[in-house]
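Some notes on the structure that comes next.
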Amino acid sequence: MTESTVIEVEHLSRLFGKFRAVDDISFSVTRGEIFGFLGANGAGKTTTIRILCGLLSPTSGKGRVLDIDIGKAPERVKPLLGYMSQKFSLYPDLTVSENLELYGGLYGLSSSRLAQRRAFAVEMAGLVGQEAVLCATLPLGFKQRLALGAALLHEPKLLFLDEPTAGVAPRARREFWTLIRSLASSGTTVFVTSHYMDEVENCDRIVLMSRGRIAALGTPTELKQGLVGRIVRIECGQEPARLARRLRAHEGVVDAQPFGSAIHLIVAPGLDPINHARKALAALEEQPRSVEVCQPTLEDVFISVVSGVAR
Amino acid sequence: MSPRRVFLMARKEAEHVLRDSRSLYLALGIPLVLLLLFGYALTMDVDQVPLLVLDRDQSSHSRLITNALVRSGAFVLVGSMDSPDEAIDAFMRQEATAALIIEKGLARRLDRGERAQVQLLVDGTNANDASIASGYATAILQPLAMDIALKSLARRTGLDTSRMGVPLAVRSRNWFNQALRSQWYLVPGLIAVILAMTNVLLMALTVSREWERGTMEQLLSTPVRPAEILLGKLVPYVVIGWAQMLLVTSMGVLLFDVPLRGNLLLLFVASTLFLIASLGQGLLISVVARNQQVATMVAVLSGVLPSMLLSGFMSPIASMPKALQVFTEIIPARHFLVITRGIFLKGSGLDELKVELVIVGLFAVLLLAIANKRFGAEVK
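First to last, the sequence lines map onto chains A and B.
Per the working numbering, the first sequence starts with residue 175, numbered consecutively.
Per the working numbering, the second sequence starts with residue 1224, numbered consecutively.
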């Protein structure tokens, strides 16, 4: 573990009965990084976060967080972390101030520091003047930012965010990510899970989780690299799902997935994508509106990787 | 254990209760309703039994018998009838539950010193009330019958019978509750029932609610320890329990004249132990159930029903089947009931109640310890 390593995980597994929620994963996170965990529901993202926060003990393998062995001393790691759980878990029947005072107090902040940090959190959440409002009445976007503020009261070096933008309006999501990036640039390490592919582009590095395993790990650019020049976007108008299914059976087609009214087709490496796509379409006697090569998105990567894992 | 964190948890928990009208109603409204219900409506005393009379004798003797029943207060005359069939109709229409039938010739037979009978018909639908009503009638008419017998003896033989009577008489007195008022019997028991049912239920909801909302997850990610969370949850409910106890005790004494003959401090200490046992039971349910619906079901089945039905609150444990009697031993309310009735009615002290106190105390310690252990295991 080097000085700048904040999280180091080796062969970590967690079983629930016979179900392998997390299955032999290894990775490390360095200081100031925004580290994204991407995957479908049930892929093992939340379980991993809960283990790293000391909320769940691993079945096997090792995890060190801020130089503390989380298998052995989960209680020691808790004061050093900020954690924002899936449901923005503030108490709806407590006011903005009361929620912040509760969490700040539990982290052992002195009353003068608590007052100072509370003011910071209220301002960050955009709730100045609304300190006495019950949290139940706040719109979701404000709840989310207040929950973030609560997780930052004790100025943790490492912040865990579990699905921090689930259900939040796009504009509020963008603002939220601006906040995350500014936190990271001031030295806080951010570990974030999401199933929104677009927002994970904000991460420095990404893990793609599937069925408890790491399917891929790298920077967004690295992950997309393998697909550059291999994706064809086919505008087909109607029944893209059915056409995609038929295209998948065609030789040289690695995968075909519906994207709204279009299809993203991944061709095998070394083939000319446009020609190959046209050939496949001709064989199926389909007349698409347009066929063009497009830039891979993380969603393409995710789907290709996951289907690769599944096979 | 950090006192500050326990205080923060307790303050938060108190705010939850104060802001949730349902919790408040459960905590203070239910005791009030139960008390009024049991005190006024559900009294098990049988009096003012509506009585019909068929008097075919129309003699001074027959009137004496009717008057004796009515004067006692146990029966109230609602009318007279012309044939025994009318009694059935009246029972069916629920206008009367007892009917007295006096045949012609009663006075003549009595005057001749012969045996005579009167008939009392009772609506047996409510077995308990019926047997009490017949018991009253027998008890009221027995001395009257003796009196009539002696007077007739005196008239026929010229003996002085004024000092004669039944050679062997049972004279029973009811200690501690001389008038056998059911309120005296119910109110002390009601303290146990109220503390058990409301607190098991309230507590069962608190932890499961936090599991459901996800706030437990957030709490556990902070440095707060599981034991601090549980202790913090316990404190406000103990205070609420004290308020409930005060409410029921003072209303019992002021409204229903229930005597408080024992030591108030002992009652307070015993109630607190019992309160902690009930809260411990609720905590255990809450920790394991993880959702409010399941927690409510389990709390009603394991806390509310047993403490009402199997604690000896309404029906004596001695008259339950043997197996059930053994089962009642694991219901804390059963033991606490002995304590409250002892302190209220008998004026029992520490010496008489030490066994029950130890048992209730053990329940408190054990249930809390198990809840804490399960909670610790549950969060790993």
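By construction, the Cβ of each residue, glycine as well, lies at the ideal position given by its N, Cα and C atoms.
Following the DSSP letters along the chain, one finds ARG407(A) inside the beta strand (DSSP E) bounded by residues 405-409. A distance below 9 angstroms separates the beta carbons of LEU1344(B) and PHE1314(B).
At a cut-off of 9 angstroms between beta carbons, SER1225(B) contacts chain A. Judged by pairs of C-beta atoms under 8 angstroms, the region 1448-1464 of chain B touches the region 1483-1502 of chain B, as three or more such pairs exist. Of the candidates LEU1487(B), LEU1275(B) and VAL1471(B), the residue whose Cα lies closest to the Cα of LEU1251(B) is VAL1471(B). Taking a cut-off of 8 angstroms for Cβ pairs, the region 463-471 of chain A and the region 231-242 of chain A do not touch, as fewer than three such pairs fall below it. When Cβ-Cβ separations below 9 angstroms define contact, GLN1515(B) makes no contact with chain A.
Of all residues in the region 1427-1450 of chain B, only ARG1436, GLY1437, THR1438, GLU1440, GLN1441, LEU1443, SER1444, THR1445, PRO1446 and VAL1447 come within less than 7 angstroms of chain A when Cβ atoms are compared, listed by chain position. Restricting attention to ALA214(A), GLU182(A), GLY206(A) and LEU189(A), the CA atom closest to the CA of HIS369(A) is found in ALA214(A). Counting only Cβ-Cβ distances below 7 angstroms, LEU1231(B) has contacts in chain A at LEU276, GLY279 and LEU280, in chain order. Per DSSP, ALA390(A) is one residue of the beta strand (DSSP E) stretching across 387-392.
Using a Cβ-Cβ cut-off of 8 angstroms, LYS1235(B) is close to TYR265, LEU268, GLU272 and LEU276 of chain A, given in chain order. In the three-state DSSP reduction, LYS192(A) falls in the coil class, being neither helix nor strand. It is roughly 7 angstroms from the alpha-carbon of VAL1272(B) to the alpha-carbon of ALA1356(B). With contacts defined as CB atoms closer than 9 angstroms, LEU1382(B) and LEU1287(B) fail to qualify as a contacting pair. Put simply, the backbone Cα of ARG387(A) is about 38 angstroms away from that of ARG291(A).
Comparing C-alpha distances from GLY315(A) to each of GLU184(A), LEU255(A), GLY303(A) and ALA340(A) shows the shortest one belongs to ALA340(A). A straight line joining the alpha-carbon of LEU1274(B) with that of LEU1424(B) spans about 44 angstroms. Between GLY228(A) and chain B, the shortest Cβ-Cβ separation is below 9 angstroms. The criterion of a C-beta distance shorter than 9 angstroms is not satisfied by LYS1569(B) and GLY1475(B).
Between the region 191-211 of chain A and the region 363-379 of chain A, the count of Cβ pairs shorter than 8 angstroms is three or higher; the stretches touch. Cβ neighbours of ARG224(A) within its own chain (closer than 8 angstroms, five residues either side excluded): LEU230. The Cβ of LYS261(A) sits closer than 9 angstroms to at least one Cβ of chain B. Contact annotation: ASN1514(B) and SER1431(B) have beta-carbon atoms nearer than 9 angstroms. Residues LEU1409, GLY1412, LEU1413, ALA1415, VAL1416, SER1530, ALA1556 and LEU1560 of the same chain have their beta carbon placed closer than 8 angstroms to that of PHE1536(B), with the five preceding and five following residues left out of the count.
Any Cβ of chain B closer than 9 angstroms to the Cβ of TYR257(A) would place that residue at the interface, and such an atom is present. Within the region 1339-1367 of chain B, no residue has a Cβ lying closer than 9 angstroms to any Cβ of chain A. Spanning the alpha carbons of ARG238(A) and GLU182(A) requires a straight line of approximately 5 angstroms. Under the 8 angstroms Cβ criterion, the region 298-316 of chain A counts as touching the region 261-279 of chain A, having at least three qualifying pairs.
Rounded to whole angstroms, the Cβ separation of VAL203(A) and THR395(A) is 18 angstroms, and the two are not in contact under 8 angstroms. With at least 16 other beta carbons inside 10 angstroms of its own, GLY256(A) counts as buried. Contact of ARG1242(B) with chain A by beta-carbon distance below 9 angstroms involves ASP267, LEU268 and LEU308.
Apart from the 5 residues on each side of it in sequence, LYS219(A) sits with its Cβ closer than 6 angstroms to the Cβ of PHE211, GLY213, THR367 and MET383 in its chain, given in chain order. Less than 9 angstroms divides the Cβ of VAL1269(B) from the Cβ of ALA1297(B).
SER435(A): not part of any beta strand (DSSP E); DSSP gives it neither H nor E.
Its chain contains THR204 and ARG205 as the residues whose beta carbon lies nearer than 7 angstroms to that of SER178(A), once the 5 sequence neighbours on both sides are disregarded; these appear in chain order.
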